[in-house]
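Participant:
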Amino acid sequence: MNSLLEKLDGLSARFEEISTLITDPAVIADQQRYVRLTKEYKELSDLMAAKKEYEQLLGNLDTSKQILLSEDDAELKDMAREEIAACEQRIPQLEEEIKIMLVPKDPEDSKNAILEIRAGTGGDEAALFAGDLFRMYAKYCESKGWSFEVSSASEGAVGGFKEVVVSVNGPDVYGTLKYESGVHRVQRVPATETQGRVHTSAATVAVLPEAEPFDVVINEGEIKWDTFRSSGAGGQNVNKVESGVRLRYNWKNPNTGEVQEILIECTETRDQPKNKERALARLRTFIYDNEHQKYKDDIDNRRKTLVSTGDRSAKIRTYNYPQGRITDHRINYTIYNLPAFMDGDIQDCIDHLIVAENAERLREAEL
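My numbering puts the sequence shown at residues 3 to 369.
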C-alpha cells in the first residue's frame with residue numbers, strides 16, 4: 003500500500019467531521035473554535051484536492067501500462083506512452099507538494115506582522131541604511147497588496163531611521179516576512195564619506211506575529227488613558243487637537259508572576275479613536291509576544307535567525323553596493339541585482355528561504 007495514500011486516507015475522516023462541525027450552530031456561536039476549524043477545513047480541503055489528483059494519476063499510470071502490455075493498436079500504444087510520461091513527470095512533483103502540506107504548519111504564519119527596523123553599528127550610515135530597508139519593505143508590501151502603516155518612528159540625524167515600527171496587514175504576512183528577522187549588513191561608500199572609502203554598517207530587522215483580539219485577555223476597564231497634543235509635521239490641526247493617546251496598563255507576567263506597568267503612546271493619525279485602536283493593538287502584541295516567549299524561542303532556535311545586538315558579525319544578509327551584490331548567508335544565496343532588490347524585488351530570496359525551511363521540516367517530520 004502507498005504510504006502517502008495511507009496518510010491521506012487517515013485525514014479523510016477528519017475532513018468529513020470538520021465539514022459537519024462548521025455547519026453546527028453551537029460551533030458557529032463559539033467564534034474562537036469556529037475560526038480554528040474553518041482554517042483547518044481550508045488546509046484539509048487543499049489536501050483532499052491533492053489526494054484526488056494523486057489517485058487519478060496513479061490510476062491513469064496503471065491503466066496506461068496495462069494498455070501497453072495488452073493492446074496491439076499502435077495509436078493507442080502511443081497515447082498510452084504519452085500518458086505514462088506525463089504521469090511519471092507529475093507524480094513526484096505532487097508527492098513533494100503533498101509531503102509539505104502534511105508537515106504541521108507554524109500556527110503563526112497566517113497572521114499579520116509587526117516589523118521593527120533599528121539602526122545597528124555604523125552611526126548615521128546605519129540609520130540611512132535602516133531607511134533604505136524601510137523603503138524596500140514598503141515597496142515589497144505594496145507589490146503584495148498588503149497594508150503598511152508606521153506605528154512609531156525615530157528619525158536619524160541625517161535621514162533614515164534610528165528605529166521604525168510598522169504594522170503589516172494581509173494574507174500570510176508573518177509566514178512570508180518572518181525570514182527577514184536578523185542583522186542586515188551593508189557595504190558601501192556613505193554619502194557622508196569624503197575619501198570614497200567603503201564602510202560596513204548594519205541594521206536589525208525583527209518580525210513579530212501580531213496578536214489577534216482573542217489571543218490575549220486584556221481588561222479594558224483597567225486601562226488608564228491620557229490624551230495630549232501631537233507635535234511634528236501634519237499642519238495646524240495636529241498641534242491644536244489632542245489627538246495623541248497614551249495608555250497605561252498593569253500586566254501580570256504569567257511566566258514570572260511579576261506585575262509591570264506598560265506605557266504605550268500613539269500619535270500617528272489626527273484621529274484620536276484610530277490612535278486608541280492602534281495603541282490597543284500594540285498592547286495586545288506586547289502581551290502576546292511576552293506570554294508566548296517560550297514558543298518564540300523554540301521557533302527562533304530552529305531557524306537560527308535571532309536578531310542579535312546589531313553587531314555586523316551576526317549578519318544574515320549582506321548588501322554590497324560596489325559589486326551590486328546581495329548575499330543571504332543562511333542559504334548561500336547570491337544575486338547581482340541590488341538596485342531591483344532595494345526596490346522591493348525580494349520575493350525570489352524569500353522563496354529560496356521557504357524551500358530551505360520546508361526541506362528542514364520534511365527531514366524533521368521524516369516524510
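All residues carry an ideal CB built from backbone N, CA and C; glycine is no exception.
1. Taking only the alpha-carbon atoms, compute the straight-line gap between residue 367 and residue 361 and give it to the nearest angstrom.
2. What does the alpha-carbon distance come out to for the pair residue 118 and residue 185?
3. For residue 149, which of helix, strand or coil comes out of DSSP?
4. Let me make sure I understand the geometry here. Which of 82, 62, 59, 77 has the alpha-carbon closest to that of residue 70?
5. State the CB to CB distance for the pair residue 21 and residue 123, rounded to an integer number of angstroms; the pair is presumed to be in contact (CB under 8 Å).
6. By Cβ distance below 7 Å, which residues in the same chain neighbour residue 39 in space, the five residues on each side in sequence not counted?
7. How close, in whole Å, do the beta carbons of residue 168 and residue 152 come, if the pair is a contact with beta carbons under 8 Å?
8. Buried or exposed for residue 237, going by 16 or more other Cβ atoms inside 10 Å?
9. Given that a residue counts as buried once 16 or more other Cβ atoms are within 10 Å of its Cβ, and exposed if not, what is residue 158?
10. Considering only C-alpha positions, which residue in the set 260, 262, 256, 281 is nearest to residue 268?
11. May I ask you to check if the CB of residue 63 is nearer than 7 Å to at least one heavy atom of the ligand MN?
12. Tell me which same chain residues have a C-beta within less than 7 Å of the C-beta of residue 239, skipping the five on either side of it?
13. In whole angstroms, what is the alpha-carbon distance linking residue 312 and residue 318?
14. With DSSP as the reference, please indicate the residues paired to residue 320 in a beta bridge.
15. Does DSSP put residue 47 in a helix, a strand or coil?
Facilitator: For this structure:
1. Residue numbering aside, residue 367 sits at position 365 when the sequence shown is read from its first letter. Residue numbering aside, residue 361 sits at position 359 when the sequence shown is read from its first letter. If you take the alpha carbons of residue 367 and residue 361, they lie about 10 Å apart.
2. Residue numbering aside, residue 118 sits at position 116 when the sequence shown is read from its first letter. Residue numbering aside, residue 185 sits at position 183 when the sequence shown is read from its first letter. Computed Cα separation, rounded: 12 Å.
3. Indexing the sequence shown from 1 puts residue 149 at position 147. In the structure shown, residue 149 sits in a strand (DSSP, three-state: E or B).
4. Here residue 70 corresponds to residue number 68 of the sequence shown, with the count starting at 1. Answer by Cα proximity: 82.
5. In the sequence shown, counting from the first residue as 1, residue 21 sits at position 19. In the sequence shown, counting from the first residue as 1, residue 123 sits at position 121. In fact, because the Cβ distance is near 55 Å, the residues do not count as touching under 8 Å.
6. For the purposes of this step, residue 39 is identified with residue 37 of the sequence shown, where counting begins at 1. For residue 39, where only same-chain residues beyond five positions count, the Cβ hits under 7 Å are 20, 23, 24, 29.
7. Residue 168 sits at position 166 when you count from the first residue of the sequence shown. Residue 152 sits at position 150 when you count from the first residue of the sequence shown. Sure, about 6 Å apart at Cβ, within 8 Å.
8. What you label residue 237 is simply residue 235 of the sequence shown in a count that begins at 1. Confidence at residue 237 is low in this model, with a pLDDT of 47, below 50, so its placement is unreliable and no value can be given for it.
9. Numbered from 1 along the sequence shown, position 156 holds the residue referred to as residue 158. It is buried - the Cβ of residue 158 has at least 16 other Cβ atoms within 10 Å.
10. Along the sequence shown, one-based indexing puts residue 268 at 266. Per the Cα distances, 281.
11. In terms of ligand content, the structure shown is empty, and the ligand MN therefore cannot be addressed.
12. Start at 1 with the first residue of the sequence shown, and residue 239 comes out as number 237. Annotation note: pLDDT 48 at residue 239 (below 50); position unreliable, coordinate value reported separately. Cβ within range, chain order: 272.
13. Along the sequence shown, read from residue 1 onward, the residue named residue 312 stands at position 310. Along the sequence shown, read from residue 1 onward, the residue named residue 318 stands at position 316. Low confidence applies to residue 312: its pLDDT is 48, below 50, so where it sits in the model is not reliable enough to give any reading.
14. For the purposes of this step, residue 320 is taken as residue 318 along the sequence shown, with counting starting at 1. Looking at the DSSP assignment, residue 320 forms a beta bridge with 187, 329.
15. For the purposes of this step, residue 47 is identified with residue 45 of the sequence shown, where counting begins at 1. Three-state result, residue 47: helix.
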